[in-house]
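Start counting the sequence shown at 32; every next residue gets the next number (our numbering).
Ideal placement from N, C-alpha and C gives every residue a C-beta, glycine not left out.
These numbers were taken from a predicted model, which means no experiment stands behind them.
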Amino acid sequence: MKKLIITTAFILSGISFVLASTGKALNFSGAQSFKKEFPDASMVSYKKVDQFVAVNFVSNDTKMEAFYSTDGEYVARSKAIYLSDLPSNATESINKKYADWTTGEVIEYDNFVDNVSCYYVSLTKESRKIILQVDKDGHVSLYR
């Protein structure tokens, strides 16, 4: 789906997000589903992005983001993980090929509509930034 690709781009361009607890009630389609799926969520904030609602929150000390369609369907999730959480062959490949790059954020992404799961790794070197995509089998490719 083109819109989910755009959502993925949004995730990656805004990989670092600021979480703020607003104290306001959640008011979007899918809010009840979100509360049921993530009952322990804290520091919840949300905003409309294209045809989706992106919900930023913390669950079990992990920064996460859930995406809901305007109809309230839970369509995707991303969460911050560690480089060491990637498949071992991916970690080895990244450490070897990008040894002189600094690892930034590592994100696990699950798209429930298209049934796609993968990882994104941001790397920086001087003023250059790249993002790698890693599939569940550990194959590494340049995302952008």
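Exercise. Per DSSP, residue 96 is paired with what?
Worked result: 87, 109
For this session: Since I believe residue 88 is in contact with residue 69 (beta carbons under 8 Å), could you give me their beta-carbon distance rounded to a whole number of angstroms?
Result: 6 Å
For this session: Go ahead and pull the three-state DSSP assignment for residue 101.
Result: coil
Problem set entry | According to DSSP, residues forming a beta bridge with residue 159 | 156
Problem set entry | Straight-line gap, residue 95 to residue 148 (C-alpha atoms, nearest Å) | 15 Å
For this session: Just the C-alpha distance for residue 52 and residue 111, rounded to the nearest angstrom, thanks.
Result: Its pLDDT being 41, under 50, residue 52 is placed unreliably in this model, and the coordinates cannot settle the point.
Problem set entry | Euclidean distance between Cα positions of residue 142 and residue 107 | 4 Å
For this session: Pull up the DSSP beta-bridge partners for residue 67, would you.
Result: None, per the DSSP bridge assignment.
Exercise. Is residue 93 buried or exposed, if buried means 16 or more other CB atoms sit within 10 Å of its CB?
Worked result: exposed
For this session: For residue 191, collect the residues of the same chain with a Cβ closer than 6 Å to its Cβ; drop the 5 residues on either side in sequence, then sort them by chain order.
Result: What the structure shows of the chain is the stretch from 32 to 175, and residue 191 is not part of that stretch, so it cannot be assessed.
Problem set entry | residue 157 burial status per 10 Å Cβ neighbour count (16 or more: buried) | exposed
For this session: Would you mind sorting residue 153 into buried or exposed? The rule is 16 or more other CB atoms within 10 Å of its CB.
Result: buried
Exercise. Roughly how many angstroms separate the alpha carbons of residue 125 and residue 115, rounded to a whole number?
Worked result: 11 Å
Exercise. Curious, which full-length alpha helix (DSSP H) runs of at least 4 residues does the region 112-155 contain?
Worked result: 119-128
Exercise. Is residue 109 buried or exposed, if buried means 16 or more other CB atoms sit within 10 Å of its CB?
Worked result: buried
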